[in-house]
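When you line the sequence shown up against the working numbering, it's residues 34 to 185, in that order.
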Amino acid sequence: MGTMTRFAKVLATVLAAGAVSVVAPTAAHAAEYGCAGNLIDTYAVKSETGNVTLSTIRLYYNADTGRNCAVNLKAAAYQASRSQIDISIYTNDFREDDNNRPGINNDFDSGNFYEYAGPASVIGKGKCISLHARTWAGGKRGSRSVGGVHCG
């Protein structure tokens with residue numbers, strides 16, 4: 034009887050741990066993409082014909098750091114295979130970048146990815162930001178540019 038009780042306790046612990054690991058990832062979705070802060074906007078990236086959404090730009094803002102962060106997330110239908118996808122973010126001013134080099138404050142990520150490109154981030158407090166994303170998926174391609182948004 035003692036062995037059976039111990040087995041039941043171990044089984045209950047394993048099942049409880051498994052339930053936690055299944056629930057936890059959805060609660061921290063922004064962290065999965067590497068962007069801290071709150072989701073503040075989304076922008077669809079459509080195919081050149083405009084009838085298919087290939088991906089979505091997800092834009093986050095962290096009020097504590099003043100950092101804007103973006104990812105370009107492929108539509109679920111295209112996440113099973115690698116394809117070229119990219120994301121660029123920049124402020125609409127010329128200043129020293131995050132490494133104190135003169136130039137435009139920008140960041141980008143590009144490659145053959147299953148799910149998303151990014152994160153790409155800039156310090157955007159008091160500035161307008163712009164985004165550009167391109168996606169090739171399912172034999173289609175699309176791009177989206179968004180300029181001068183979320184100023185302040």
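C-beta atoms are modelled at their ideal positions from N, C-alpha and C, and glycine is treated no differently.
Quantities reported herein were computed from a predicted structural model and do not represent experimental measurements.
{"Check": "Going by DSSP in three states, residue 108 sits in which element: helix, strand or coil?", "Outcome": "coil"}
{"Check": "Please report how far the alpha carbon of residue 186 lies from the alpha carbon of residue 75, in whole angstroms.", "Outcome": "Residue 186 is absent from the structure shown; the chain starts at 34 and stops at 185."}
{"Check": "From what residue to what residue does the beta strand (DSSP E) around residue 149 run?", "Outcome": "149-156"}
{"Check": "On the CB-based measure, 16 or more other CB atoms within 10 Å of its CB, does residue 184 come out buried or exposed?", "Outcome": "exposed"}
{"Check": "Among 169, 101 and 91, whose alpha-carbon lies nearest the alpha-carbon of residue 146?", "Outcome": "169"}
{"Check": "Can you tell me the Cα-Cα spacing of residue 166 and residue 113, whole angstroms?", "Outcome": "20 Å"}
{"Check": "Just how far apart, CA to CA, sit residue 150 and residue 91?", "Outcome": "11 Å"}
{"Check": "Which one of 143, 115, 121 and 82 has the shortest CA to CA distance from residue 180?", "Outcome": "121"}
{"Check": "What residue range is occupied by the uninterrupted beta strand (DSSP E) comprising residue 79?", "Outcome": "71-79"}
{"Check": "Can you name the start and end residues of the beta strand (DSSP E) that residue 3 belongs to?", "Outcome": "Absent from the structure is residue 3, since the part of the chain shown begins at 34 and ends at 185."}
{"Check": "When the Cα of residue 33 is compared with those of 118, 157 and 111, which residue comes out closest?", "Outcome": "Since the first residue shown for the chain is 34 and the last is 185, residue 33 is missing from the structure and cannot be characterised."}
{"Check": "Under DSSP, the beta strand (DSSP E) around residue 95 begins and ends at which residues?", "Outcome": "86-95"}
{"Check": "State buried or exposed for residue 73, treating a residue as buried only when at least 16 other CB atoms are found within 10 Å of its CB.", "Outcome": "exposed"}
{"Check": "At what residues does the beta strand (DSSP E) containing residue 175 begin and finish?", "Outcome": "173-182"}
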